[in-house]
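K.L.:
Residue numbers (my numbering), protein chains in the order written: chain H, 1136 to 1563; chain E, 1136 to 1563. Backbone N, C-alpha and C fix where the C-beta goes; we use that ideal spot for every residue, glycine too.
1) Answer with buried or exposed for residue 1294 (chain H), where buried requires no fewer than 16 other C-beta atoms within 10 angstroms of its C-beta.
2) For the beta strand (DSSP E) that contains residue 1270 (chain E), what are its first and last residues?
3) I need the DSSP call for residue 1180 (chain H), collapsed to helix, strand or coil.
4) Among the candidates E:1297, E:1170 and E:1191, whose CA atom is the shortest distance from the CA of residue 1201 (chain E)?
5) With DSSP as the reference, label residue 1563 (chain E) as helix, strand or coil.
6) Following the continuous beta strand (DSSP E) through residue 1363 (chain H), name the residue where it begins and the one where it ends.
7) Can you have a look at residue 1311 (chain E) and say buried or exposed, based on whether 16 or more other CB atoms are within 10 angstroms of its CB?
8) Using the rule of at least 16 other Cβ atoms within 10 Å of the residue's Cβ for burial, across every protein chain shown, is residue 1315 (chain E) buried or exposed?
9) Please state the DSSP three-state secondary structure of residue 1492 (chain H).
10) Ordered along the chain, which non-local residues of its own chain (more than five positions away) have a Cβ less than 6 Å from that of residue 1136 (chain E)?
11) Less than 8 Å between the CB atoms is what I'm expecting for residue 1451 (chain E) and residue 1424 (chain E), so what's the real figure, rounded?
12) Could you name each continuous beta strand (DSSP E) segment of 3 residues or more that falls completely within the stretch 1517–1542 of chain H, going from the start of the chain to the end?
13) For residue 1379 (chain H), does the count of other Cβ atoms within 10 angstroms reach 16, so buried, or fall short, so exposed?
14) Rounding to the nearest angstrom, what Cα-Cα distance links residue 1561 (chain H) and residue 1239 (chain E) in this structure?
15) If residue 1156 (chain H) sits next to residue 1209 (chain H), beta carbons under 8 Å apart, how far is it from one beta carbon to the other, in whole angstroms?
16) In angstroms with no decimal places, state the Cα-to-Cα distance between residue 1138 (chain H) and residue 1356 (chain H).
17) If the cut is a Cβ gap below 8 Å, which residues of chain E does residue 1204 (chain H) touch?
18) With residue 1396 (chain H) as the anchor, note down where its beta strand (DSSP E) starts and where it stops.
19) Under a Cβ-count criterion, where at least 16 other Cβ atoms within 10 Å of its own Cβ denotes burial, should residue 1248 (chain E) be classed as buried or exposed?
20) Of the choices H:1261, H:1252, H:1231 and H:1234, whose alpha-carbon is the least far from that of residue 1242 (chain H)?
21) Any residues in the stretch 1452–1470 of chain E with a beta carbon nearer than 8 Å to a beta carbon of chain H? Which ones, in chain order?
22) List, from N- to C-terminal side, the alpha helix (DSSP H) runs of 4 residues or more that fit wholly inside the stretch 1225–1287 of chain E.
23) Ordered along the chain, which non-local residues of its own chain (more than five positions away) have a Cβ less than 6 Å from that of residue 1231 (chain H)?
24) For residue 1183 (chain E), which residues from the same chain have a beta carbon less than 6 Å from its beta carbon, with the 5 sequence-adjacent residues on both sides left out?
25) Mind pulling the chain E residues with CB within less than 8 Å of residue 1195 (chain H)?
26) Count Cβ pairs between the stretch 1526–1540 of chain E and the stretch 1462–1479 of chain H that sit closer than 8 Å; are there 3 or more?
27) If you count every other CB in all the chains shown that lies within 10 Å of the CB of residue 1486 (chain H), and 16 or more means buried, which is it?
28) Can the beta-carbon of residue 1440 (chain E) be found less than 9 Å from the beta-carbon of residue 1556 (chain E)?
29) Whole alpha helix (DSSP H) runs in the stretch 1178–1221 of chain H with 4 or more residues, listed along the chain?
30) What is the DSSP secondary structure of residue 1507 (chain E), reduced to helix, strand or coil?
31) Are there 16 or more other CB atoms within 10 angstroms of the CB of residue 1142 (chain E), so buried, or fewer, so exposed?
32) Taking residue 1156 (chain E) as part of the alpha helix (DSSP H), name the residues at either end of that continuous run.
33) Could you tell me the alpha carbon to alpha carbon distance between residue 1215 (chain H) and residue 1318 (chain H), rounded to whole angstroms?
34) Can you tell me whether DSSP reads residue 1453 (chain H) as helix, strand or coil?
35) How far does the beta strand (DSSP E) with residue 1298 (chain H) in it reach, from first residue to last?
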């Protein structure tokens, strides 16, 4: 990730929507915008969330203008009466609101194209904007955003020129508008020194155990080294500031090497690399094919690997064999094995891997069978117990993992796919 | 959802973590906490996000204390040097920090139980807390939170007693602590009138088209009616305030009936109900079984339905037949059909559904075959084109849907599973 910094340029994200305050949706927009600002080297120290309420929008806007130069709103541009972000911004700055007839026509056309006889009257308000603002066209929906260079009110400690940018709350519309218009605008107004960062990703180790190995780097000022944990993985972010791109990259590269000296055993990838993208790349490069026989993960492993475009090159067939009958019929697992050792056993995992390899005629057969819960566990085979099998050439390996008996069904299923993808990655 | 309101009781969520400002993780914690506060009837008008920086944590804490009574922090309780939420709170209130030896011992024990020889020295700081605060035990990790009734500094416009609550940022730890300790505490201190809300969920219609049908209800003050949209669905939330639970429920129920008069065609469920949970319930109740043959969704449909606990009662076998060979071999689709009409065709979808029904010996065979992109599209069969097949008894039906040629692979895959689950729900 690379960006250009202007030290005076600070941005702040304001998410608008009562549904956010009620916890009915996750704020993925703030994450997207934050990541994009970071990659442009624009500093952002605060984010706020506020409901669809003009007075409270005024309050957060007022606080944001005191500490930031670029205020990015997301949400509240819809056609319904509770969508009032533009109205609130206009009244805050005591600006005139103008109906843009050209934009009204465009919105009407969008409805005709969708097969409507006329535009729902509610949508008319989406054609109003502050007099001096520019539109940000929304090609995927009817809610256009605005970009507005405006002087803060004189009641402010220091009156300054601020940039107000608004986006609708619908994530794919917002992202499309960001990528196709705003990013070019922001790149133009940002200049200064270079910010460059690289993220190292680890799995199979906890945050503090990993941090302990490299704690001496946490006091470094440039590049900075910061760890953070999420379900099934730990990341270390290394960020350098320098005058040129080359210098920043060199600084990061040196620290990355040092960090990996102590941690390479658990390292799996950089930045945007995911376990599934790495597995996909390896399979493509080595021209190998793979097939899954899943039980407790129920298609999740198949789903994750087919998220990758072009996965039909290396996946021909996957099977979710929930029942013993399916395991027997399709994967040829003898009923005696299922009876004696159970569906959740190293023996069954091995034969599932062997069976799917044969059925699919792939290079690698991989199996998962376990107890994802919440019911179905016993003292001997508790919830969270999962067996994995890997068949390659004439060899079959199995592994047994207990993913914490306190974990939820969704956690166990995710961790099982994480473990599976990491094992396959190592095997390749 | 039901809760008890105290009109003076306002809560505010502060998420701490530079990784949030950099957009490296999604803030699911704020959503969880917001939803829980709402269900307790505690009002929450603002959320903030701030980095791991003491001065900026002071700044947001100061703003939050001016407008809210309960300040809930999440994040920054980890063992690494950048985790400093407790330190920042302690310095803000100029309080003493105390090492709790009992808690230190507990943390050490957690490492012994995990097979460590000793606690990493870094974790010692997790045993410090403000002198007069109480611990919130973290049974799933080492980062305990605190609950602290503390008077705001005298520099405040009105000095008042505030409640500071802290949680670690790791979602499953935070949720466990919330459910097992804080929820009881908050219920005790909340009293007043009743808040009750119900969410209606719709699919197959856009936000403004749905809103237009029921716009007359948006001006209602009690209950309020608010719409919001997300990928593949629209929700309408109806919220009433009343003196008793019964009165609030009656108010909501009346408005819900009115709303459904105009929209029932697109309605699928209430509140926590999801398409997958509804399909699962119907299958269980009617003692029916189902099997999927997926192509472009690559296991996503199977994953979604097996997310539901107990899904092994009605799912025995699912197959991802990416290749034509697999479609032919396992589902008995004649090569001539695949050649003549292609894998993405109504004919293939029908035979896939028939084939998986026969192979699995289930009541319903369901198929998905389409072009998820980004490549593989043509003028005749563009990216986003998906065929669905449903075999039940002796009948086979198919449907063709074009999910927008501008959509991403992940959007198309999600919308295809959404359409599939909704069709199956209607069919049941």
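P.N.:
Inspection of the coordinates gives the following:
1) exposed
2) Per DSSP, the unbroken beta strand (DSSP E) holding residue 1270 (chain E) starts and ends at 1269–1271.
3) Of the three classes helix, strand and coil, the one that applies to residue 1180 (chain H) here is coil, per DSSP.
4) E:1297
5) coil
6) 1359–1365
7) By the neighbour-count criterion, in which 16 or more other beta carbons inside 10 Å mark a residue as buried, residue 1311 (chain E) falls on the buried side.
8) exposed
9) helix
10) With a pLDDT of 40 at residue 1136 (chain E), under the threshold of 50, the predicted position of this residue should be treated as unreliable, and no value is reported.
11) 6 Å
12) With a minimum length of 3 residues, the continuous beta strand (DSSP E) runs that stay inside the stretch 1517–1542 of chain H are 1520–1527 and 1530–1537.
13) exposed
14) Separation of residue 1561 (chain H) and residue 1239 (chain E) (C-alpha to C-alpha, rounded to the nearest whole angstrom) is 38 Å.
15) With 8 Å as the limit, residue 1156 (chain H) and residue 1209 (chain H) do not qualify as a contact, their Cβ atoms being about 14 Å apart.
16) Low local confidence applies: a pLDDT of 42 at residue 1138 (chain H) is under 50, so the model's placement there is unreliable, with the coordinate-based value given in what follows. Computed Cα separation, rounded: 19 Å.
17) Those within 8 Å of residue 1204 (chain H) in chain E number zero; the least Cβ separation is about 16 Å.
18) Note, residue 1396 (chain H): premise wrong, no beta strand (DSSP E); alpha helix (DSSP H) at 1380–1398.
19) Residue 1248 (chain E) counts as exposed, since fewer than 16 other beta carbons sit within 10 angstroms of its beta carbon.
20) H:1261
21) 1452, 1453, 1454, 1455, 1456, 1457, 1458, 1460, 1461 and 1465
22) 1236–1248
23) 1266
24) 1149 and 1195
25) 1181
26) no
27) buried
28) yes
29) 1189–1202
30) coil
31) Note that residue 1142 (chain E) scores a pLDDT of 47, beneath 50, so its modelled location is shaky; the value from the coordinates is reported in the next line. Residue 1142 (chain E) should be labelled exposed.
32) 1153–1156
33) 28 Å
34) strand
35) Boundaries of the beta strand (DSSP E) harbouring residue 1298 (chain H): 1296–1302, taken from the DSSP string.
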